[in-house]
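**Q** Here the sequence shown stands for residues -20 to -1, 1 to 252, where the numbers follow mature numbering (1 follows the signal peptide of the UniProt record, and there is no 0). The structure follows.
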Amino acid sequence: MRVNSCLSVLALIGAAVTQAAQIPFSLTHTSSSPAPSILSHPHLPAHSLRVVSPPSDLCDSTVKSYSGYLDVDVDRLSKHHSSSSQRSSAFSALKHEKDGSTKGAIEHFYFWAFESRNDPKTDPVVLWLNGGPGCSSFTGLLMELGPCNAIDPSKRNGQPGTQRNPWAWNSNATLIFLDQPVGVGYSYVDWANKSRTDKPPRRVFSAESAAQDASAFLHLLSMHMGKEIFKGDGDKFPSFHIAGESYAGRYIPLLANQILEDNQNIAKHPKT
C-alpha cells in the first residue's frame, strides 16, 4: 500500500481523548505519559508523525490503537516545493495554496487508528473521512461506525465516556480516522515560535489542497506500517480503501487521484 453534531460530540469526549495524544489543549506530558514515537521519511522532509498508544480502556480494549498528529513544517514544505522536480505531486508548489503569511507556521493533523478485531494482518485497511466540509471524522468514530460510541454524560454522573460498539467496522477491518483539512476537529495550526500571540494563518482553501495533505499523511503512515505501527507480515500489506459520507464524496475521489499521482512521481524521482 503506497499509498454542530461534530462539535457536540468532540466536546463530549474531549476530556477523555486528551489523555491519548498531543491535543492542542495541553502539549505537555506528565511523568506517566509515554513519549510519542516520531516517524519520518526522506521523501517527506517537512512532515513527521507523532504516535502514541492510547490507554486500552479509552475506546476499544480488545484491539491495539494508535493516535497522534501529522506535523507539517510549512517553511520546510515551501522550500521543498521550490526545489522539487515533482511538479504534479502533493509536494508541488503549482497546486499548493496558501495565503502568503504562513512563515513560521506548523500544522497538526490529528488521527486515531484501530486494528481489526478479526485479523489485522490480512483484513483491509479503511480510511474514514466525514464531510461537511468542516465536520470531524470523530463523528464517524464516536457516533457511527467506530469501535466505541460516546455515552451521554448525564448517564454517567456528568462524566464523559465511551462504550464498545459491537457493530463497528473494525470487526473486519483496520480503521483510520483523520481530522482534515487543518482546522477541522482536533487538527490545528500554530507557530513554531510559541511566544507569538497573533493568529496563525490557514493554508488550505480547496478540496484539492486538502487531498495533498491527506495523501502525505497516508504515504508517511504506510511507510511505517508493519514496522513501528500495526506490526504484521513485514512488507505484505492488506488492501486499502477510503470511505466517508457527505462532503467526503468530494474529498475521496480527489484523494484517490492524488495518491496515484504521488505514487507515480515518487517512482519517477526516488531520490527527491
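Note that beta-carbon positions come from the ideal geometry of N, C-alpha and C, so glycine has one too.
Do the region 222 to 231 and the region 112 to 127 meet, that is, are 3 or more Cβ pairs less than 8 Å apart?
**A** yes
**Q** Using the DSSP secondary-structure output, state which residues sit across from isoleucine 131 in a beta bridge.
**A** DSSP, once it has assigned bridges, lists Gly141 as partnering isoleucine 131.
**Q** If you draw a straight line from the alpha carbon of phenylalanine 71 to that of leucine 57, how long is it in whole angstroms?
**A** Summary for phenylalanine 71: the model assigns pLDDT 40, below 50, so the residue's position carries little reliability, and this model does not support an answer.
**Q** Alpha carbon to alpha carbon, how far is valine -18 from serine 195?
**A** A caution first: valine -18 carries a pLDDT of 47, below 50, which makes its placement in the model unreliable, though a value can still be read off. Computed Cα separation, rounded: 7 Å.
**Q** Pairing CB atoms from the region 89 to 108 with CB atoms from the region 148 to 161, are three or more of them under 8 Å?
**A** Output reads yes: the region 148 to 161 touches the region 89 to 108.
**Q** Looking only at its own chain, which residues have a Cβ that is under 6 Å from the Cβ of alanine 223, when we skip the five neighbours before and after it?
**A** Cβ within range, chain order: Val106 and Trp108.
**Q** Leucine 125 by DSSP, collapsed to three states: which one?
**A** If DSSP states are grouped into helix, strand and coil, leucine 125 belongs with coil.
**Q** In this structure, how does DSSP classify aspartate 51 when only helix, strand and coil are distinguished?
**A** In this structure, DSSP gives aspartate 51 an extended state, which the three-state scheme calls strand.
**Q** How long is the line joining the alpha carbons of arginine 136 and threonine 142, rounded to whole angstroms?
**A** 10 Å
**Q** Beta-carbon within less than 6 Å of lysine 44's beta-carbon, same chain only, minus the 5 sequence neighbours each way: which residues are those?
**A** Glu95
**Q** So, is aspartate 242 buried or exposed, given that buried needs 16 or more other C-beta atoms within 10 angstroms?
**A** Classification of aspartate 242: buried, given that the 10 Å Cβ count is 16 or more.
**Q** Give the DSSP-derived three-state secondary structure of glycine 224 in the structure shown.
**A** strand
**Q** What's the C-alpha gap between threonine 102 and leucine 38?
**A** 25 Å
**Q** With distances taken from CA atoms, which of Trp147, His60 and Leu24 is nearest asparagine 98?
**A** Trp147
**Q** Provide the residue span of the alpha helix (DSSP H) that contains aspartate 193, from first to last.
**A** 187 to 204
**Q** Can you say whether proline 22 is buried or exposed, counting buried as having 16 or more other CB atoms within 10 angstroms of its CB?
**A** exposed
**Q** Mind checking glutamine 192: buried by the 16 CB within 10 Å criterion, or exposed?
**A** It counts as buried.
**Q** Give me whichever residues DSSP pairs with phenylalanine 91 in a beta bridge.
**A** Gly48 and Leu158
**Q** Spatial neighbours of serine 167 within its chain, please: CB distance less than 7 Å, with the 5 preceding and 5 following residues excluded, ordered by chain position.
**A** His88, Phe89, Tyr90, Asp159 and Gln160
**Q** Can you tell me which residues form a DSSP beta bridge with tryptophan 171?
**A** DSSP lists Ala85 as partners of tryptophan 171.
**Q** Does tryptophan 108 come out as helix, strand or coil in the three-state DSSP assignment?
**A** strand
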